[in-house]
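Protein chains in written order, with numbering that gives the first Met the number 0: chain S, 0 to 161; chain V, 0 to 107. Working notes, structure below.
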Amino acid sequence: MLRIQYADYVALRAHGEETYPNECCGVLLGKNSTEGNSAAAINTVHKVVRADNTRTDSAHNRYNIAPQELVKIQRQARGLGLDIVGFYHSHPDHPALWSPTDFAEAHWIGCSYVITSVERGRASITNSFLLTGTTEDDKKFEDEAIEIEVAGTAPHNLKGQA
Amino acid sequence: MNIHIPTPLRTYTEGKETVSIPGATISATFLQLTATYPELKQHLFTPEGKLRSFVNVYLNDDDIRYLPGKEETTVNDTDELTIIPSIAGGTGRPGARASRRTLCPATC
Numbered sequence: 000m001l002r003i004q005y006a007d008y009v010a011l012r013a014h015g016e017e018t019y020p021n022e023c024c025g026v027l028l029g030k031n032s033t034e035g036n037s038a039a040a041i042n043t044v045h046k047v048v049r050a051d052n053t054r055t056d057s058a059h060n061r062y063n064i065a066p067q068e069l070v071k072i073q074r075q076a077r078g079l080g081l082d083i084v085g086f087y088h089s090h091p092d093h094p095a096l097w098s099p100t101d102f103a104e105a106h107w108i109g110c111s112y113v114i115t116s117v118e119r120g121r122a123s124i125t126n127s128f129l130l131t132g133t134t135e136d137d138k139k140f141e142d143e144a145i146e147i148e149v150a151g152t153a154p155h156n157l158k159g160q161a
Numbered sequence: 000m001n002i003h004i005p006t007p008l009r010t011y012t013e014g015k016e017t018v019s020i021p022g023a024t025i026s027a028t029f030l031q032l033t034a035t036y037p038e039l040k041q042h043l044f045t046p047e048g049k050l051r052s053f054v055n056v057y058l059n060d061d062d063i064r065y066l067p068g069k070e071e072t073t074v075n076d077t078d079e080l081t082i083i084p085s086i087a088g089g090t091g092r093p094g095a096r097a098s099r100r101t102l103c104p105a106t107c
């Protein structure tokens, strides 16, 4: 499960609208844990960090975060006592489903990959996929529920909803 | 020197975010790292011993692939190595802004 504050959820979706018709991308900082009797991992987001999409040659259908920027973001996370628990990007005029490119380029096992479909400039569906497995050979994306925490209210579980 | 481990690989370093490993060069440090944490090896290197293409390694703020000495660059105790897998993707759909009716199948 991905647990995220409402403001952060809104922010990552807004990023996709701002970069439309190009893809946006960013990093989710937080903590990984398990809860109760469930062995299922929970990635709790405490901070959303925007990143530059360096695929300027094909930004409408590709994204890449420069490793140098990732190093800085990981350093920032360490300073905050947080870890990199996921990433997000947008699919302009395309479903919020992982693509073969997304899968081939996914190497952060245990992390959440959040995808927002942006249709005609407006964020529509946001989905999250947990990269599971142990190696490049057995990795796979699993659908992951998104729990949105709104200050002062009970969490809302969303899956494939705007 | 300190080596910073990315989230997915901490499973193989007893959950440690940072490990301290001695070594005179980057390659010597890596040898010691994988001797200390043997399960890391297959995740960092190909069976031929090459650094996997999606694994980036930074010596302080420099990508070691672009250092003159590459993995044979000498290091000291105050240097830091950061292991950072790449992150990329996208729809990969050919043609900019193709018809919105072209929905990808379940597995896209």
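We put the beta carbon where it would ideally sit given N, CA and C, even for glycine. In this text the structure is predicted, and so the values were computed from the model without any measurement.
Considering only residues of the same chain and omitting the five flanking positions on each side of residue i, which have a CB-CB separation below 8 Å?
i: T77(V); result: M0
i: T17(V); result: N1, I2, H3, I4
i: G120(S); result: E16, Y19, P20
i: Y8(S); result: T125, I145, I147
i: T108(V); result: The structure shown does not extend to residue 108(V), since chain V spans only 0 to 107, so no value can be given for it.
Spatial neighbours of residue i within its chain, please: C-beta separation below 7 Å, excluding the five flanking residues on both sides.
i: F102(S); result: F140
i: A10(S); result: V47
i: V54(V); result: L43, I82, P84
i: P93(V); result: none
i: R100(V); result: Confidence at R100(V) is low in this model, with a pLDDT of 39, below 50, so the placement of that residue is unreliable and no value is reported for it.
i: T90(V); result: none
i: E118(S); result: D92
i: P94(S); result: S116
Tell me where the alpha helix (DSSP H) around residue i begins and ends.
i: I72(S); result: 66-79
i: P20(S); result: Careful: P20(S) lies outside any alpha helix (DSSP H) and carries neither H nor E.
i: F102(S); result: 99-103
i: T53(S); result: Here T53(S) belongs to no alpha helix (DSSP H), and DSSP marks it neither H nor E.
i: S119(V); result: No statement about residue 119(V) is possible, as the shown extent of chain V runs from 0 to 107 and does not include it.
i: H42(V); result: 40-43
At a CB-CB cut-off below 9 Å, which residues of chain V make contact with residue i?
i: D136(S); result: Within 9 Å Cβ-Cβ: nothing; D136(S) doesn't reach chain V, min ~10 Å.
i: Y62(S); result: I86, A87, G88, G89
i: R77(S); result: H3, E16, T17
How would you write the range of the beta strand (DSSP E) that residue i sits in, first residue to last?
i: K138(S); result: Counting along the chain, K138(S) falls outside any beta strand (DSSP E), and DSSP gives it neither H nor E.
i: K46(S); result: 40-50
i: S19(V); result: 17-19
i: S89(S); result: 82-91
i: I145(S); result: 145-148
i: S52(V); result: Element bounds for S52(V): n/a, residue is neither H nor E.
i: A122(S); result: 121-131
i: L1(S); result: 1-4
i: T115(S); result: 111-118
Quick one: what's got a C-beta closer than 6 Å to residue i's C-beta in the same chain, skipping five residues either side?
i: L66(V); result: T72
i: S98(V); result: Below a pLDDT of 50, predicted positions are generally treated as unreliable, and S98(V), at 40, falls in that range; the measurement from the model is reported next regardless. So no residue of the chain qualifies.
i: K40(V); result: T33
i: P20(S); result: H59, P91
i: Y87(S); result: L11, G25, V113
What residues from chain V crowd round residue i, counting only those whose CB sits closer than 7 Å?
i: R86(S); result: Note on residue identity: the sequence assigns Phe, not Arg, to residue 86(S). Simply I86.
i: H14(S); result: Correct list: empty, because the minimum Cβ distance to chain V is about 15 Å.
i: H90(S); result: T90
Note down, in chain order, every chain S residue with its Cβ under 9 Å from the Cβ of residue i.
i: I63(V); result: Near I63(V) there are no residues of chain S at all, since even the closest Cβ is about 11 Å away, more than 9 Å.
Determine the chain S residues that contact residue i at a beta-carbon separation under 8 Å, and present them in chain order.
i: T6(V); result: N31, D82, I83, V84, W107, G109, C110
For a contact defined as C-beta to C-beta under 7 Å, what are the partners of residue i on chain S?
i: T81(V); result: V70, Q73
i: N55(V); result: P66
Chain V partners of residue i, CB-CB under 8 Å?
i: H45(S); result: Ordered by position in chain V, no residue passes the 8 Å Cβ test against H45(S), which lies about 14 Å from the chain.
Quick check: is the beta carbon of residue i nearer than 8 Å to any beta carbon in chain C?
i: T33(S); result: No chain C appears in this structure, whose protein chains are S and V.
Is there at least one non-hydrogen atom of the ligand NAD closer than 7 Å to the beta-carbon of residue i?
i: V70(S); result: Judged by which ligands are present, the structure shown has none, so any question about the ligand NAD falls away.
Which of the residues in the stretch 16-47 of chain V, read from start to end, lie with their CB under 9 Å from any CB of chain S? E16, T17, Q41, H42
Closer than 9 Å, Cβ to any Cβ of chain V: which residues of the stretch 98-112 of chain S, in chain order? S98, P99, T100, D101, F102, A103, E104, A105, H106, W107, I108, G109, C110, Y112
Tell me which residues of the stretch 16-28 of chain S have at least one Cβ-Cβ distance to chain V shorter than 7 Å, keeping chain order. P20, E22
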